[in-house]
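Just below is one structure, and these are the notes that go with it.
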Amino acid sequence: MPKRRIARRVAAAACPIIRNALVAAWMFVPAVAATAKPPGEEAWMIRMMACEGDGVAMEIYLPQSVVFANRADQEASGMRPGQTVVGYYALDLTDANKGKPLEPVRVMLSADKKSITVDQYTRGLPPTRIPVKGGTVDFDQRFGTGAKCGPFQAQDPDYGSKQ
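Take any residue in the sequence shown, count from 1 to its spot, add 5: that is its number in this note's numbering.
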């Protein structure tokens with residue numbers, strides 16, 4: 006019996022101490038959130054290609070710093086031939102109640118500017134070549150087969166000066 010009494014007294018004394026420690030710790034939580042830095046310009050993305058499959062949509066996003074990069078007078082802005090950029094691939098599975106995950110990918114514009122290659126390296130899938138003018142491609146065998154893709158760089162930053 007005396008052991009139980011001692012245990013009860015220790016527990017009764019410890020409760021206010023633990024409660025006060027938790028309150029003190031909770032006061033520092035807003036300070037941590039307030040010190041979070043916003044992402045830099047390299048984190049801003051723009052959709053460069055949209056594809057539609059059977060009940061799913063796929064999109065490719067690239068950093069705006071690449072798409073709207075200032076180039077020499079004769080060179081158009083955007084990706085350079087042979088350039089590889091890390092962007093994001095979005096697979097919209099909202100209709101299947103699975104959300105819209107973003108996956109980092111490597112995107113390369115071919116030297117002849119006729120195709121892009123999307124490398125889904127995080128999942129170990131084979132690279133997908135897509136015509137710059139758009140076309141039907143297979144991203145993966147689960148969701149992205151027979152995807153009809155629109156043109157790459159549909160948001161061409163030099164669009165107004167080409168007309």
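We put the CB at the ideal spot given by N, CA and C, even for glycine.
Could you tell me which residues DSSP puts in a beta bridge with residue i?
{"i": "A95", "result": "E64 and L107"}
{"i": "P136", "result": "S120"}
{"i": "T89", "result": "M113"}
{"i": "R52", "result": "Y66"}
{"i": "T141", "result": "K153"}
Run the CB neighbour count on residue i, radius 10 Å, all protein chains shown included, and call it buried at 16 or more, exposed below.
{"i": "G151", "result": "exposed"}
{"i": "K138", "result": "exposed"}
{"i": "D117", "result": "exposed"}
{"i": "G83", "result": "buried"}
{"i": "Q158", "result": "buried"}
Using three-state DSSP, classify residue i as helix, strand or coil.
{"i": "A116", "result": "coil"}
{"i": "A74", "result": "coil"}
{"i": "Q158", "result": "coil"}
With residue i and residue j assumed to form a contact (beta carbons below 8 Å), what rounded beta-carbon distance in angstroms separates them?
{"i": "T127", "j": "P156", "result": "Between P156 and T127 the Cβ distance is about 26 Å, and since that is not below 8 Å, they are no contact."}
{"i": "V112", "j": "V90", "result": "5 Å"}
{"i": "Y94", "j": "V123", "result": "6 Å"}
{"i": "L114", "j": "Q88", "result": "6 Å"}
When you compare the segment 112-128 with the segment 97-104, are there three or more beta-carbon pairs, one atom per stretch, that lie closer than 8 Å?
Touching, no, given that fewer than three Cβ pairs across the two stretches are closer than 8 Å.
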